[in-house]
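Beneath this line is the structure, given in structure tokens, with notes to follow.
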Amino acid sequence: MPSVSSIAAQTLQRRILDGQYPAGSALPGQRELSESLGISRASLREAISMLEALGLLRSFAGKGVFVTAGTPTDAADLPSGPNAMPPDAIFQMRFVIEPANAALAARRRDDDGLSALRECMAEMQQALSASDLVSAAECDLRFHLALAELSGNPALAAITQQFHAQLAHSLRLPFADRSQIWQPADEHNAILAAVAAGNAGAARKAMQQHLLSAAGRVGIRFIQP
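Quick note: the sequence shown, position 94, residue 94 per full-length UniProt numbering, numbers continuous.
Right, here's the structure in full:
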């Protein structure tokens with residue numbers, strides 16, 4: 001079930017897409033906005049953080065939150081993840097863990113696990129077709145968490161889940177480049193095909209390529225372990 005902040009982010013996204021908050025305009029103040037959405041300011045701040053990562057909003061200290069409508073962000077200006085963790089550190093961490101998740105998932109694939117991955121992909125593609133980036137990013141997260149569970153390694157699954165918030169943040173960032181919003185889905189399909197075929201080496205390689213491509217789409221370069 002979507003969180004309160006996720007529902008609020010979807011509402012704000014819809015208002016942006018509908019032109020209620022046009023590009024370049026400032027959002028109403030936090031008190032007014034939280035009251036109109038019927039949520040706490042903490043939930044509102046989390047919703048705004050989601051939309052900042054997706055490239056729809058940008059905060060300026062002392063000025064407010066402005067609609068960017070997908071204006072590309074320079075890598076140096078990317079918002080930090082939870083606990084002020086820099087995006088390049090998150091991607092580097094993922095490069096250590098997630099290729100192993102994918103390779104192990106390919107070795108122990110089962111019908112239920114593959115069905116869960118395919119369901120994630122179908123919903124992600126549906127969300128992208130509707131320009132619903134909030135939902136697309138959530139499906140993206142579910143895909144990666146499902147791979148960790150399918151790995152069969154409880155330690156890897158626990159580590160992936162422990163950094164749930166940081167993972168979610170890093171998955172949103174590449175969607176800020178509107179010219180390539182379908183790229184994550186294409187890369188997921190390559191991972192899924194390798195897992196379904198039981199090809200651990202191909203699954204590992206497809207995940208590595210996905211992570212390098214996703215980081216590259218937002219201008220991030222990291223040292224590969």
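For glycine and all other residues, C-beta sits at the position ideal for the given N, C-alpha and C.
For residue i, which residues of its own chain have a beta-carbon under 7 Å away from its beta-carbon, when the five flanking residues on both sides are left out?
{"i": "S213", "result": "Q183, E187"}
{"i": "C120", "result": "C139, R142, F143, A146"}
{"i": "I220", "result": "A75, P87, D88, F91"}
{"i": "S40", "result": "S34"}
{"i": "E52", "result": "R58, S59, P79"}
{"i": "L173", "result": "A53, L78, P87, V218"}
Specify, as a first and last residue, the run of the alpha helix (DSSP H) that residue i falls within.
{"i": "F222", "result": "From DSSP, F222 is part of no alpha helix (DSSP H); its letter is neither H nor E."}
{"i": "P184", "result": "183-196"}
{"i": "M50", "result": "41-53"}
{"i": "A168", "result": "164-172"}
{"i": "S5", "result": "4-17"}
According to DSSP, is residue i helix, strand or coil?
{"i": "A26", "result": "strand"}
{"i": "G216", "result": "helix"}
{"i": "R108", "result": "coil"}
{"i": "S59", "result": "strand"}
{"i": "G152", "result": "coil"}
{"i": "Q161", "result": "helix"}
{"i": "G38", "result": "coil"}
{"i": "D140", "result": "helix"}
{"i": "Q20", "result": "coil"}
{"i": "P79", "result": "coil"}
{"i": "P87", "result": "helix"}
{"i": "S131", "result": "coil"}
{"i": "N199", "result": "coil"}
Residue j and residue i - do their beta-carbons sit closer together than 8 Å?
{"i": "L192", "j": "R118", "result": "yes"}
{"i": "G152", "j": "L104", "result": "yes"}
{"i": "A196", "j": "L114", "result": "yes"}
{"i": "L169", "j": "G81", "result": "For the record, residue 169 in the displayed sequence is His; it is not Leu. Yes, the Cβ-Cβ distance between H169 and G81 is below 8 Å."}
{"i": "G64", "j": "L27", "result": "yes"}
{"i": "L156", "j": "N101", "result": "yes"}
{"i": "L56", "j": "I7", "result": "no"}
{"i": "I159", "j": "I223", "result": "no"}
{"i": "R85", "j": "Q161", "result": "The question names Arg, but residue 85 in the sequence shown is Met. It is not a contact, given that the beta carbons lie outside the stated cut-off."}
{"i": "R204", "j": "D177", "result": "no"}
{"i": "R109", "j": "L54", "result": "no"}
{"i": "A47", "j": "A9", "result": "yes"}
Leaving aside the five residues before and after residue i along the sequence, list all residues of the same chain whose C-beta is less than 6 Å from its C-beta, in chain order.
{"i": "Q208", "result": "P99"}
{"i": "residue 247", "result": "Here the chain covers residues 1 to 225 and nothing more, so residue 247 does not appear."}
{"i": "S25", "result": "V67"}
{"i": "Q125", "result": "A185"}
Considering just the uninterrupted stretch of the beta strand (DSSP E) at residue i, what are its terminal residues?
{"i": "F66", "result": "64-67"}
Since residue i contacts residue j with CB under 8 Å, what's their CB separation in whole angstroms?
{"i": "F175", "j": "A122", "result": "With 8 Å as the limit, F175 and A122 do not qualify as a contact, their Cβ atoms being about 18 Å apart."}
{"i": "P2", "j": "S49", "result": "At roughly 15 Å, the Cβ-Cβ gap does not stay under 8 Å, so P2 and S49 are not in contact."}
{"i": "A206", "j": "A190", "result": "5 Å"}
Who are the Cβ neighbours of residue i in its own chain at under 8 Å, not counting the five residues just before and after it?
{"i": "R31", "result": "R41"}
{"i": "Y21", "result": "L12, R15, L27, V67"}
Any heavy atom of the ligand NAD within a distance shorter than 7 Å of the CB on residue i?
{"i": "Q10", "result": "Within the structure as shown, the ligand NAD is missing, as the structure has no ligands at all."}
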